[in-house]
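Student: I am attaching a structure below and will ask some questions about it afterwards.
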Amino acid sequence: MKTFNFTGLMAPVFTPYTNGNETLNLQAIEPYVELLKANRVKGVLVNGTSGEGMLLTVAERMLVTEAWQSACKKHAETLVSYLKSVAKHCPTIPFFYYHIPMFTDVNVHMPTFLNRAEQEIGNFRGIKYTSGDLEQGSACLKDGRTIFLGADTILCGAVAAGFDSFIMTTLNICPETAFEIITDVNRGAVQDAREKQRKLNAHIATILQHGDWVSAMKKAFIERFPSIEVGHTRPPLNA
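Residue numbers (this note's numbering): 738 to 976.
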């Protein structure tokens, strides 16, 4: 079984299109990788929510995954039972659960879930935690367990609580801000970090005036990095 040890910034990348949202624009991935690398983003999550994975065909998801791989190389029992049936099909690959209850309406107590999942799923390695409940998120932290923070608006508090791994949509748009917040908290400049978090949250609020989460964030990416053609989101997301 492959090991998985990651700390730092991981961007849940947008899927790039050309011709609006009709055709995959795989040529945009190479400069996208270079952009993220230049801003200290160490990893990418492909075909996630921000990447519209649910709106892509299986063939498209495979093409996008292969392109990123190539460019880069250059209740709790019920939930565990379900994931166990999924994980058995990829026993040699580190397995993660995406906890985003505001979209899934699956409100399972994550610390309890994690303890059980680690006992029953051999390749289980952790979760992406996208929730504003920092108390529960902090209780998930444990040596040898990877917990990615997915909630951009609580980054400052999460770092102070002990989070060290992050998959946040704004890493595509302003990764330098996240890096600065993390650095400030870790060096004890909490007031500076709070002010940057306040500005980041205000920026997010402004972005979200222009559509749903993924569509608005993708528009913001296009505005800041127009040289990387990623196109629009697909229906039913707002274009």
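No residue lacks a Cβ here, since even glycine has one placed at the ideal position from N, Cα and C.
(1) Give the DSSP-derived three-state secondary structure of Gly869 in the structure shown.
(2) For Leu871, which residues in the same chain have their Cβ closer than 8 Å to its Cβ, ignoring the five residues on either side in sequence?
(3) Between Pro848, Ser818 and Arg931, which has its C-alpha nearest Lys865's C-alpha?
(4) Taking the DSSP output, what are the residues bridged to Gly863?
(5) Rank Glu771, Gly859, Pro973 and Ala939 by C-alpha distance to the C-alpha of Phe741 and give the top, closest one.
(6) By Cβ distance, which residues of its chain are closer than 8 Å to Pro749, with the 5 residues on each side in sequence left out?
(7) Can you confirm whether the segment 750-759 touches the segment 968-976 when touching is taken to mean that 3 or more C-beta pairs between the two stretches lie within less than 8 Å?
(8) Can you tell me whether Val770 is buried or exposed, with buried defined as 16 or more other CB within 10 angstroms of its CB?
(9) State the beta-bridge partners of Ala888 as determined by DSSP.
(10) For Leu772 and Phe962, which I take to be in contact (beta-carbon distance under 8 Å), what is that distance rounded to the nearest angstrom?
Tutor: With the structure as the only source:
(1) coil
(2) Ile891, Gly894, Ala895 and Ala898
(3) Pro848
(4) Phe833 and Thr883
(5) Gly859
(6) Val781, Leu782, Gly785, Thr786, Ser787, Gly788, Gly887, Ile904, Met905, Thr906, Leu908 and Asn909
(7) yes
(8) buried
(9) DSSP, once it has assigned bridges, lists no residue as partnering Ala888.
(10) 6 Å
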